[in-house]
Ligand SMILES: [Zn+2]
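Chains as they are written, first to last, in my numbering: chain A, 1 to 128; chain B, 1 to 479.
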């Protein structure tokens, strides 16, 4: 688990080393598999991600998730082939909204998709 | 052993709405999950939209901290699975933060000190978790997303601080700066959270998380310094780890090491366009900051450097001082009264300057200045009013209080009249024949003693000059 305190911290990037190096070192955990199967998600990657998410998956699911991940990545290969017009996206910076309050959902609406709300809260499994 | 500290500070920006949706940020007194919408609940198909005000506030901070604003910055997704994140990722900034390479000057352990700021970036606050069924081994967790999406700035310092006290001073200065900028309200519960990196020279560093108060920073770091020093003395090696600060016990405890080996898989947030705000940052005007104000108080009002630092160390107090009439501002007595008496009495009661009707204290100062009450009485009134505020949330008008307590200065009338001061003086003379005899033998201290007696009888409301005059005149009459 990343965080047991629920405060909005970033557990890495601690001011002692530059964040980009953190990024590279975390990225490298996927690297060996990448080298073996360039451009593909391996079952090892899927297992790793499942572990991070604290989700138990069986052998069959592992194969199925892996192939589905790879299908998704193939869409990006297709997208990569599309030639982008030079100016597209050029001016698309600083897209803002004003700081004006709009009505929120009611508590009932907010909780309507959850199966076991409690005292107005969402209920989640133990995380500590 | 040199202590090396770097801080990572998260502050909630005081905007009206959340960072990426129009939900109100004014959630603290409201039921859970009543300030949420599809965006901040992370429902499929919803899209975030950046709050212009939040960026403006962050840029004010960047400017006040002397940062560089890069040409382009962007938001990134930080992926991790935890119930406080409804989307499964937090929108934050990563390799392209809003601002970098700044500094803040503070009063260090050895004089003025420049603390370098590594970066300032924006991100969204996660939701709030309530662990149910025992603190040590909760059964399950309740989640409130009212806080999810509140705009935060994260300010990261270089490891430039050299003691827990310096860290505390840095935080105080930062808080004052943010409040001067009008972007932060330190009174709001949970509006500031700090992670601290601390190491002893030559040893591994330890990250302490979960510090949620200004005092907590100094406490947590002091605990860590002692813990690490003791470990080294016993020949143990400090391991690089993450620890949690347990405020109630004033200690840090080790967290599981798994937390350090996260794979956040950061990538640029595809739902948001990058920012190009360097020009905007240049146009943004920021108000007078604590250092400049301190200098002005010293130069324009003749306030001593120590008092000036206290008076400008909090925006509200500085504003109060500036709002006083000109003749009061330049008086040393006023500076002492506000910096030492008022703040001292507040501190003693663990009260904050906020929620205190400053107009009342301004009036009290004016009454005192006009000589309608004595210094001693002014302090008594101040204490009474503060006690009332602490106990009931409100207080009397100063004049009402002074009248009720009978603290208005009792003026002695002209010679021979039967005013309260003269009456008290007669009584004092009658009750202290020995002192009178001493006085007649030329012992000056005897008069001081009698003055004290009269002051006591008039509960400090007589003017010492009057008492002196009346006593001398009565005693010389007795001769
Ligand atoms: Zn919302």
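By construction, the Cβ of each residue, glycine as well, lies at the ideal position given by its N, Cα and C atoms.
By Cβ distance below 8 Å, which residues in the same chain neighbour residue i in space, the five residues on each side in sequence not counted?
i, result
"residue 261 of chain B", "Reliability of the predicted coordinates at residue 261 of chain B is poor, the pLDDT of 47 falling under 50, and the value obtained from them is presented with this limitation in mind. Counting only Cβ-Cβ distances below 8 Å, and skipping sequence neighbours, we find nothing."
"residue 243 of chain B", "206, 207, 208, 209, 224, 252, 253, 254, 255"
"residue 349 of chain B", "386, 387, 390"
"residue 72 of chain B", "96, 274, 275, 276"
When you measure from the CB of residue i to every non-hydrogen atom of ligand 1, does any distance come out below 6 Å?
i, result
"residue 101 of chain A", "no"
"residue 461 of chain B", "no"
"residue 206 of chain B", "no"
"residue 395 of chain B", "no"
"residue 37 of chain B", "yes"
"residue 40 of chain B", "yes"
"residue 23 of chain B", "yes"
For residue i, return the contacting residues in chain B, with the cut-off set at a CB-CB distance below 7 Å.
i, result
"residue 107 of chain A", "31, 33, 34"
"residue 102 of chain A", "22"
"residue 54 of chain A", "81"
Which residues in chain A sit within 9 Å of residue i, going by Cβ to Cβ distance?
i, result
"residue 51 of chain B", "96, 97, 98, 99"
"residue 55 of chain B", "94, 96"
"residue 279 of chain B", "Simply none; closest approach about 10 Å."
Return the Cβ separation of residue i and residue j in integer angstroms, given the expectation that the two are a contact with Cβ distance under 8 Å.
i, j, result
"residue 229 of chain B", "residue 455 of chain B", "The pair is not a contact, with the Cβ atoms about 54 Å apart (cut-off 8 Å)."
"residue 328 of chain B", "residue 369 of chain B", "6 Å"
"residue 325 of chain B", "residue 360 of chain B", "Actually they are not in contact, since the Cβ atoms of residue 325 of chain B and residue 360 of chain B sit about 16 Å apart, beyond 8 Å."
"residue 163 of chain B", "residue 105 of chain B", "The Cβ separation is near 17 Å, so there is no contact."
"residue 409 of chain B", "residue 384 of chain B", "About 17 Å separates the two Cβ atoms, so there is no contact after all."
"residue 366 of chain B", "residue 337 of chain B", "With 8 Å as the limit, residue 366 of chain B and residue 337 of chain B do not qualify as a contact, their Cβ atoms being about 12 Å apart."
"residue 83 of chain B", "residue 129 of chain B", "6 Å"
"residue 339 of chain B", "residue 311 of chain B", "5 Å"
"residue 67 of chain B", "residue 101 of chain B", "6 Å"
"residue 81 of chain B", "residue 53 of chain A", "4 Å"
"residue 99 of chain B", "residue 116 of chain B", "With a Cβ gap of about 13 Å, residue 99 of chain B and residue 116 of chain B do not count as contacting."
Taking residue i as the query, report the chain A residues whose CB atoms sit under 8 Å from its CB, ordered along the chain.
i, result
"residue 98 of chain B", "By Cβ distance, chain A contributes nothing, its closest Cβ being about 12 Å from residue 98 of chain B, past 8 Å."
"residue 16 of chain B", "99, 100, 101"
"residue 322 of chain B", "Correct list: empty, because the minimum Cβ distance to chain A is about 28 Å."
For residue i, which residues from the same chain have a beta carbon less than 7 Å from its beta carbon, with the 5 sequence-adjacent residues on both sides left out?
i, result
"residue 223 of chain B", "250, 251, 252"
"residue 265 of chain B", "79"
"residue 123 of chain B", "90, 91, 92, 93, 152, 154"
"residue 167 of chain B", "5, 7, 161, 196, 217, 218, 221"
"residue 47 of chain A", "62"
"residue 438 of chain B", "446"
"residue 401 of chain B", "381, 384, 385"
"residue 308 of chain B", "294, 297, 298"
"residue 183 of chain B", "13, 14, 57, 60, 61"
"residue 341 of chain B", "379, 382"
"residue 41 of chain A", "66, 69, 70, 73"
"residue 107 of chain B", "169"
Note down, in chain order, every chain A residue with its Cβ under 7 Å from the Cβ of residue i.
i, result
"residue 41 of chain B", "110"
"residue 273 of chain B", "92, 93, 95"
"residue 276 of chain B", "93, 94"
"residue 185 of chain B", "Result: empty, since nearest Cβ-Cβ is about 15 Å, beyond 7 Å."
"residue 37 of chain B", "104, 105"
With a threshold of 6 Å on Cβ separation, who are the neighbours of residue i within its own chain once the five nearest residues in sequence on each side are excluded?
i, result
"residue 46 of chain B", "38, 39"
"residue 303 of chain B", "297, 335"
"residue 214 of chain B", "171"
Can you pull the chain B residues whose beta carbon is under 9 Å from the beta carbon of residue i, in chain order?
i, result
"residue 118 of chain A", "132, 140, 142"
Quick check: does the Cβ of residue i come within less than 6 Å of any heavy atom belonging to ligand 3?
i, result
"residue 451 of chain B", "Ligands displayed in this structure: ligand 1; ligand 3 is not among them."
Does any C-beta atom of chain D lie closer than 7 Å to the C-beta of residue i?
i, result
"residue 152 of chain B", "The structure shown has no chain D; the protein chains it does contain are A and B."
- request: Write down every uninterrupted run of the alpha helix (DSSP H) in the stretch 186-269 of chain B whose length is 4 residues or greater and which is fully enclosed by it, in chain order.
  value: You should have 214-233.
message: Ignoring anything shorter than 4 residues, give me the alpha helix (DSSP H) runs that lie fully in the stretch 5-76 of chain B, in order along the chain.
response: The alpha helix (DSSP H) runs lying completely inside the stretch 5-76 of chain B and spanning 4 residues or more are 52-64, given in chain order.
message: In chain order, what are the residue ranges of uninterrupted alpha helix (DSSP H) at least 4 long that sit wholly in the stretch 303-332 of chain B?
response: Complete alpha helix (DSSP H) runs here, min 4: 305-312, 315-322, 326-329.
- prompt: In chain order, which continuous runs of the alpha helix (DSSP H) of length 4 or greater are located wholly inside the stretch 107-153 of chain B?
  reply: If only uninterrupted alpha helix (DSSP H) runs of at least 4 residues are considered, none is enclosed by the stretch 107-153 of chain B.
- request: Mind listing, in chain order, the continuous alpha helix (DSSP H) runs of no fewer than 4 residues lying wholly within the stretch 434-476 of chain B?
  value: Counting only runs of 4 or more residues that sit fully inside the stretch 434-476 of chain B, the alpha helix (DSSP H) segments are 444-457, in chain order.
message: Report the start-end ranges of each alpha helix (DSSP H) in the stretch 35-79 of chain A that is 4 residues or longer and not cut off at the edges.
response: Considered as a whole, the stretch 35-79 of chain A harbours 43-52 as its complete alpha helix (DSSP H) runs of no fewer than 4 residues, in chain order.
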